[in-house]
Amino acid sequence: ILSILEEESMFPKATDKTFEEKLNNNHLGKSPNFQKPKPPKPGQQAAHFAIGHYAGCVPYNITGWLEKNKDPLNDTVVDLYKKGTNKLLVEIFADHPGQSGGPDTSKGGRGKKSGSMATVSSSYREQLNNLMTTLRATQPHFVR
Numbered sequence: 001i002l003s004i005l006e007e008e009s010m011f012p013k014a015t016d017k018t019f020e021e022k023l024n025n026n027h028l029g030k031s032p033n034f035q036k037p038k039p040p041k042p043g044q045q046a047a048h049f050a051i052g053h054y055a056g057c058v059p060y061n062i063t064g065w066l067e068k069n070k071d072p073l074n075d076t077v078v079d080l081y082k083k084g085t086n087k088l089l090v091e092i093f094a095d096h097p098g099q100s101g102g103p104d105t106s107k108g109g110r111g112k113k114s115g116s117m118a119t120v121s122s123s124y125r126e127q128l129n130n131l132m133t134t135l136r137a138t139q140p141h142f143v144r
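Residue numbering for the sequence shown follows full-length UniProt numbering, beginning at 1 and increasing consecutively.
See the structure below:
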């Protein structure tokens, strides 16, 4: 789903409808977790698809996802966070380019991939990959 969202975000003429069509073409009937949503209850917004999770079926409405995915963080705000006194915010935004054009390399920032469009979904996917790398590097111990 994130790959299709990322792909659709690159096309200026993409719409919520084209995004929904690509999701259905790629997943409906091919992935058991990707399902048609149930009809909405009175007063609820209609869902475009549903995902079967371990705890039940969750409906999703994709209205505005493409626009939200392109939502860049204001560079002025990023620079304020990077130069602020809150150490947590400074660390969180250390590798975000901001207005200065690059990460704060003195803090180990990596920088933005050249030629790629930074979107919410690409940032989220990178964070998920980093989390999975960290989890795979650990040795879990369970208490009974």
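C-beta: ideal position from N, C-alpha, C; glycine also. What you are looking at is a predicted structure, and each value in this text was computed from that prediction instead of being measured.
Query, Result
"Helix, strand or coil for F19 per DSSP?", "helix"
"Could you tell me the distance, in whole angstroms, from the CA atom of N33 to the CA atom of P39?", "18 Å"
"Going by Cα to Cα distance, which pick from T138, N74, S123 and S31 is closest to L2?", "S123"
"Counting beta carbon pairs with one atom in the region 8 to 26 and one in the region 58 to 65, are three or more of them shorter than 8 Å?", "yes"
"Would you grab the beta carbon distance between E118 and L66 for me? Rounded to a whole angstrom, and I think it's under 8 Å.", "Per the sequence presented here, residue 118 reads as Ala, with Glu not at that position. Not confirmed; about 15 Å, so no contact."
"Which residues bound the beta strand (DSSP E) around I51?", "F49 to H53"
"Check for me: the beta strand (DSSP E) holding V58 runs from which residue to which?", "G56 to Y60"
"Within 10 Å of its beta-carbon, does E8 have 16 or more other beta-carbons around it, so buried, or fewer, so exposed?", "buried"
"Residues in the same chain with beta-carbon distance under 7 Å from V120, minus the five sequence neighbours each way, listed in chain order, please.", "K68, N69 and D71"
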